[in-house]
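Going by our numbering, the first residue of the sequence shown is number 11, and it counts up by one from there. Reading through the structure tokens given below for one structure.
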Amino acid sequence: MARWHDSSCTSPDIILDDGLPLCRTCERKCLSLDDLRSKQGPPPTLVIPPDEPADQRNLWWPTSVRYVNEDGSEATIDPENKISSSLDKGRTYASPIYGRTLGADEFRLACLSAASDPSCPVHLDLEVYTHEDRPEYETVSYLWGGEDNDSSLSSPVFIRPFWDVLLQTQNCSSMLRFVRPWRGMRMMWIDAVCINQENVVERGAQVTKMRQIYEESTRVIVYLGDDIVTKSRRFPTYRLLSDMATPQLGSTMFPLGHRFCEDEIDLARILQRRYFQRIWVIQELIACERAVVRVGDVDYRPGASTREWDQTWAPWVRYLGSAKIPANSAIKLVQLFSKSRASDPRDRIFGIVSLLENQTLAAQLRPDYSLSFNHFAIGLLAHLLVNERWYQLLLRAGIWTREFPSDSSSWLPDCASSESWHRLFQDRASSELAQISILSFI
Numbered sequence: 011m012a013r014w015h016d017s018s019c020t021s022p023d024i025i026l027d028d029g030l031p032l033c034r035t036c037e038r039k040c041l042s043l044d045d046l047r048s049k050q051g052p053p054p055t056l057v058i059p060p061d062e063p064a065d066q067r068n069l070w071w072p073t074s075v076r077y078v079n080e081d082g083s084e085a086t087i088d089p090e091n092k093i094s095s096s097l098d099k100g101r102t103y104a105s106p107i108y109g110r111t112l113g114a115d116e117f118r119l120a121c122l123s124a125a126s127d128p129s130c131p132v133h134l135d136l137e138v139y140t141h142e143d144r145p146e147y148e149t150v151s152y153l154w155g156g157e158d159n160d161s162s163l164s165s166p167v168f169i170r171p172f173w174d175v176l177l178q179t180q181n182c183s184s185m186l187r188f189v190r191p192w193r194g195m196r197m198m199w200i201d202a203v204c205i206n207q208e209n210v211v212e213r214g215a216q217v218t219k220m221r222q223i224y225e226e227s228t229r230v231i232v233y234l235g236d237d238i239v240t241k242s243r244r245f246p247t248y249r250l251l252s253d254m255a256t257p258q259l260g261s262t263m264f265p266l267g268h269r270f271c272e273d274e275i276d277l278a279r280i281l282q283r284r285y286f287q288r289i290w291v292i293q294e295l296i297a298c299e300r301a302v303v304r305v306g307d308v309d310y311r312p313g314a315s316t317r318e319w320d321q322t323w324a325p326w327v328r329y330l331g332s333a334k335i336p337a338n339s340a341i342k343l344v345q346l347f348s349k350s351r352a353s354d355p356r357d358r359i360f361g362i363v364s365l366l367e368n369q370t371l372a373a374q375l376r377p378d379y380s381l382s383f384n385h386f387a388i389g390l391l392a393h394l395l396v397n398e399r400w401y402q403l404l405l406r407a408g409i410w411t412r413e414f415p416s417d418s419s420s421w422l423p424d425c426a427s428s429e430s431w432h433r434l435f436q437d438r439a440s441s442e443l444a445q446i447s448i449l450s451f452i
């Protein structure tokens, strides 16, 4: 239930009554949090198209791989027309909160207004802009489910003049309260709020250009969770991330009585958090040249470090705020981020492909969520084998290891789980030895 007013109400006049919005025009009051939760359906579940039988695959992705039909003809598809057709179908989708589907050159910004009291509910407006005509705005990077992976939609966020209800996760709600200004207004792009998550067409189109959205922002704010982030009215202290290469006393970051006040905090401990293990935060932090990581009441900025990044859970942090990474091939990209995890296994590529310096290759590997995982795996590994000559995958081929489903190709390694994916791509030294071994055998 997004809108709680009387159907005849066209000019809402909202006040807060015991912490809940009340409309003085239609004399309706928003439901209590318990009632809102009871009317909320089950949390959204990840839906990946099922794997097709071998004789019905109709392979076409990525466009860097040439597929041939059984009759010898070349399999072709026009991905541009495919995407344009999907966007056209989505144009008719309308939402009481979001309205029409966004155009290809459009994105929404959340306008967060100051509140008279920190306990006030979160209220914001949504405005649509084009990339050519946009105001200055900030982005935020966080985990929907937080460190405890609680993805239940349990916290209301109120939208636009009608104070329509949009339920969000607890961590998202905590983040919104953290970035809400003390005075004035703050323009921000927040994926859970600025993208209509129920509109599959819009969500796919917006996800594809997330790098552009983060690149064009003035800075990205990293929200690690309310257990490790504190907020005060004083201007924050700024330090370099490299300062945490050696342990820091918690008392220098946290107020007296905080759970971490007596602890020693260092970068290795911070990078062990679930946040840094997720694939989607990578492009969010690398694409924007200015990143700020709040720990306690200190804002940390990127800086050089002498630590061994490869030994951490997040070796990619060395490129934080650099806007690009030194990867011109898909195999280098995958190896660099093989430790990172994703709820959707296809995001192990889709979530990072925009970071490639080789934009032609990035376009060839463009995300398409209509792909089954089997189609995705065949396409990616075929590209690595044929175009990048990464022969190590043959050492883990299903025909050798017997670790492949009965309806899968015998040359495919098992790479569905996070563990098997990391095992396949983790060891660069072994990869080079395997290349030499296989080439000598050939």
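Note that the Cβ used here is the ideal one computed from N, Cα and C, for glycine as well. The structure displayed is predicted, hence computed values, not measured ones.
- Taking the Cα of Leu163 as reference, the smallest distance to any Cα among Glu146, Phe172, Tyr152 and Asn181 is reached at Asn181.
- A distance of 7 Å or more separates the beta carbons of Gly267 and Tyr379.
- Counting only unbroken stretches of 3 or more residues, the beta strand (DSSP E) elements lying wholly within the region 240-293 are 247-250, in sequence order.
- Assigned with DSSP and collapsed to three states, Ser419 falls in coil, not helix or strand.
- According to the DSSP secondary-structure assignment, Trp199 is paired through a beta bridge with Thr149.
- Beyond the five residues adjoining it in sequence on each side, Gln436 comes within less than 7 Å, by CB distance, of Ser348 in the same chain, given in chain order.
- Nearest in C-alpha terms to Val217, of all of Asp201, Ala373, Glu225 and Leu422, is Asp201.
- Here DSSP, grouped into helix, strand and coil, assigns Arg38 to coil.
- As the crow flies, the alpha-carbon of Glu146 is around 25 Å from that of Gly361.
- Nearest Cα to Ala426 within the set Asp357, Asn68, Ala340 and Lys342: Asp357.
- Judged by beta-carbon spacing, Tyr310 lies beyond the 7 Å limit of Arg229, meaning their Cβ atoms are not closer than that value.
- Assigned with DSSP and collapsed to three states, Cys182 falls in helix.
- For a cut-off of 8 Å, the C-beta gap from Arg187 to Pro265 is around 17 Å, too long to register as a contact.
- Counting the other CB atoms within 10 Å of its CB gives Gln293 a total of 16 or more, which places it among the buried residues.
- Selection Ser183, Ser430 and His141 evaluated against Ser161 yields Ser183 as nearest (Cα-Cα).
- Annotated as proximal: Leu403 and Pro423, with beta-carbon spacing under 7 Å.
- Your pair Pro171 and Pro22 checks out as a contact, with CB atoms roughly 5 Å apart and the cut at 8 Å.
- Thr149 sits close to Ser227, with the two beta carbons spaced by under 7 Å.
- Here Ser165 has Gln178, Gln180 and Ser183 as same chain residues with Cβ atoms under 6 Å from its own Cβ, once five neighbours each way along the sequence are excluded.
- As for any alpha helix (DSSP H) of minimum length 4 sitting wholly inside the region 368-417, the runs are 369-374, 383-396 and 408-411, ordered along the chain.
- Partner residues in the beta bridge of Val305, as assigned by DSSP, are Val308.
- Residue pairing by DSSP puts His133 in a beta bridge opposite Phe168.
- Annotation: Arg118 is outside any alpha helix (DSSP H); the continuous beta strand (DSSP E) that includes it extends over Glu116 to Ser123.
- When secondary structure is reduced to three states using DSSP, Pro63 falls in the coil class, being assigned neither helix nor strand.
- Here the C-alpha atom of Asp143 lies approximately 10 Å from the C-alpha atom of Asp115.
- In the DSSP secondary-structure assignment, Val175 is bridged to Phe168.
- Rounded to whole angstroms, the separation of the alpha carbons of Gly235 and Glu272 is 19 Å.
- The continuous alpha helix (DSSP H) containing Leu46 extends over residues Leu43 to Lys49.
- Checking the DSSP bridge columns, you'll see Cys33 partnered with Ile24.
- If you ignore the 5 residues before and after Val396, its C-beta comes within less than 7 Å of the C-beta of Val75, all in its own chain and listed in chain order.
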